[in-house]
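Peer 1:
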């Protein structure tokens, strides 16, 4: 399940830090969930969660880098902002190499933290919109019959009706009938829209 509202997940073993971040972010209009440890986050986070994670680096039992690695292994790719009092080049490099969205040192200025969180939420929203669009494109293409898909591929390759008919061993009129059906199934009206759909599908295949 993908939740409709973004949540800022705050993970820090210091209760004072959790409380201050919770207050700051709620006053700025964000939905917030706080966790006292990485294990608590991992036990409660929903794979369909929408938002970002503000993650402390040094915590007992499981440090921030281990939490980050486990989230990635589970396929949970929420943007992670590492917020730590122990910032050094090696830690920053490890976090960013592991896919962290940003790395901030405590105490981070309120405006800087808020701007970073907003940027992370924007990236998460954009990624999810892209995922939904990919699913929509694939669902449309799945409606095509094998023959309609052949005609689709030929049309977007720039072939004319007579060429398609000759290649498939059917009449140009039948090609036109297949084109009409596939345009309807794909919910497009113009050739440009058909080509755009094909490009999106090709991008998905390349990224798979």
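In this note's numbering, the protein residues as written are 150 to 357.
We put the beta carbon where it would ideally sit given N, CA and C, even for glycine.
Would you call the CB atoms of residue 330 and residue 297 closer than 9 Å?
Peer 2: yes
Peer 1: Alpha carbon to alpha carbon, how far is residue 103 from residue 229?
Peer 2: Coverage of the chain is limited to positions 150 through 357, which leaves residue 103 absent and any answer about it impossible.
Peer 1: Going straight from the alpha carbon of residue 290 to that of residue 303, what length do you get?
Peer 2: Going from the Cα of residue 290 to the Cα of residue 303 covers about 14 Å.
Peer 1: Using the Cα positions of residue 206 and residue 172, report the straight-line distance between them to the nearest angstrom.
Peer 2: 21 Å
Peer 1: Name the one or two DSSP bridge partners that residue 232 has.
Peer 2: 253
Peer 1: Round the Cβ separation of residue 243 and residue 214 to the nearest angstrom and send it over; I've been treating them as touching at under 8 Å.
Peer 2: 6 Å
Peer 1: Between the beta-carbon of residue 200 and the beta-carbon of residue 261, is there less than 9 Å?
Peer 2: no
Peer 1: Distance, Cα to Cα, residue 337 vs residue 177?
Peer 2: 42 Å
Peer 1: Out of 249, 350, 192, 175, which has the shortest C-alpha to C-alpha gap to residue 279?
Peer 2: Nearest option by C-alpha distance: 350.
Peer 1: Look up residue 183 in the DSSP assignment and give the residues it is bridged to.
Peer 2: 159
Peer 1: Can you give me the start and stop residues for the alpha helix (DSSP H) that residue 446 sits inside?
Peer 2: This structure gives no information on residue 446, because the portion of the chain shown stretches from 150 to 357.
Peer 1: For residue 208 versus residue 168, is the C-beta spacing smaller than 9 Å?
Peer 2: no
Peer 1: Among the candidates 310, 313, 287, whose CA atom is the shortest distance from the CA of residue 348?
Peer 2: 287
Peer 1: Taking the beta carbon of residue 248 as the centre, do at least 16 other beta carbons fall within 10 Å, making it buried, or is it exposed?
Peer 2: exposed
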